[in-house]
Structures are given as C-alpha cells and as structure tokens.
C-alpha cells in the first residue's frame with residue numbers, strides 16, 4: 001500500500017511517508033502535506049490513486065490557500081471556470097466558496113436542483129476538488 005508505485009513505474013520509491021487506507025468509499029491518504037510542493041512522483045501517485053479509487057481524502061491539512069488549491073486542481077487538467085458568482089471572500093476566481101453563512105460564502109447551493117459537482121452539465125467535470133474547512137457535525141449527509 002505504500003512506498004512503491006504500482007503499474008508502469010514499479011519499484012520506484014515515492015514520497016517516503018505516502019500511505020493510504022481504504023474507507024467505505026475510496027481511500028484516505030496519510031503522510032502528505034498538500035500545503036507543500038510535492039515531487040512529481042508523489043503527484044503522479046495521487047493522480048493514479050484518484051483514478052483507481054475515485055475518492056481520495058486528505059484529512060487534517062489545515063487551511064490550504066486558494067492559489068495552492070488551484071495549483072493542485074491543475075494536476076488533473078484544465079480548470080473550468082465555474083458558472084457561479086465569485087464570493088468576495090474567495091481568494092481566487094477559480095475557487096467557488098460555499099457556506100451556510102452568507103458573509104463567508106455562497107449559500108443555498110445545491111439545495112434547489114443540482115449540486116456544485118457539475119454532474120448536471122452536458123459535459124460534467126472530470127474531477128471535483130473540495131477543501132472543507134469545517135463540516136456539519138450532523139445533517140451533512142451526501143448521497144454517495
């Protein structure tokens with residue numbers, strides 16, 4: 001599970017602390033600080049694991065700033081400009097800031113019709129990246 005890349009890059013060492021564990025849907029990755037620049041081998045491992053497991057969770061990352069989140073998003077391809085308005089608290093036009101507090105982010109998103117993941121579009125997003133600073137203790141259930 002850790003230490004080596006599977007498939008085309010067998011036996012090449014990767015980020016020495018990269019470990020993952022299965023969760024009910026996808027995997028949780030440990031030993032990677034997304035706030036720091038990562039070597040290309042580690043980035044490729046993350047991309048491979050996203051492809052293989054579909055959902056990859058990195059807990060306890062602290063606050064990943066907007067420019068870094070956009071940089072991480074670009075690992076997976078070109079960023080599609082969101083069709084929602086940029087919230088004044090959003091650090092970047094490519095960051096769609098959502099909150100239940102209108103002072104902190106756009107509200108009422110996904111509650112009347114479609115969610116923010118783009119699955120309703122004629123060409124859905126290939127990937128969605130979320131940076132959750134705080135989540136509901138209850139009532140925040142998802143359908144996946």
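Residue numbers (the UniProt record's numbering): 1 to 144. Just so it is clear, CB atoms sit at the ideal spot from N, CA and C, and this is done for glycine as well. All values reported here derive from a predicted model rather than from experimental measurement.
Query                                                                                                                                            : Result
I'd like to know whether the C-beta atoms of residue 93 and residue 56 end up nearer to each other than 7 Å.                                     : no
Consider the Cβ of residue 122: report whether some Cβ of chain B lies at a distance smaller than 7 Å.                                           : The question asks about chain B, but that chain is absent: this structure has only one protein chain.
What residue does the beta strand (DSSP E) around residue 29 start on, and which one ends it?                                                    : 27-30
Are the beta-carbon atoms of residue 73 and residue 129 separated by less than 7 Å?                                                              : yes
If you draw a straight line from the C-alpha of residue 68 to the C-alpha of residue 108, how long is it?                                        : 26 Å
Relative to the C-alpha of residue 146, which residue among 132, 127, 78 and 119 is closest?                                                     : The shown model of the chain, from 1 to 144, leaves out residue 146, and the question about it has no answer.
Going by Cα to Cα distance, which pick from 63, 137, 36 and 29 is closest to residue 48?                                                         : 29
Go ahead and pull the three-state DSSP assignment for residue 70.                                                                                : helix
Could you tell me how far apart the beta carbons of residue 61 and residue 38 are, in whole angstroms, since I believe they sit closer than 8 Å? : Incorrect: roughly 13 Å between the Cβ atoms, too far for contact.
So residue 43 and residue 75 are in contact, right, with Cβ under 8 Å, and what is the actual spacing, rounded?                                  : 6 Å
Residue 86 to residue 32, Cα distance in whole Å?                                                                                                : 29 Å
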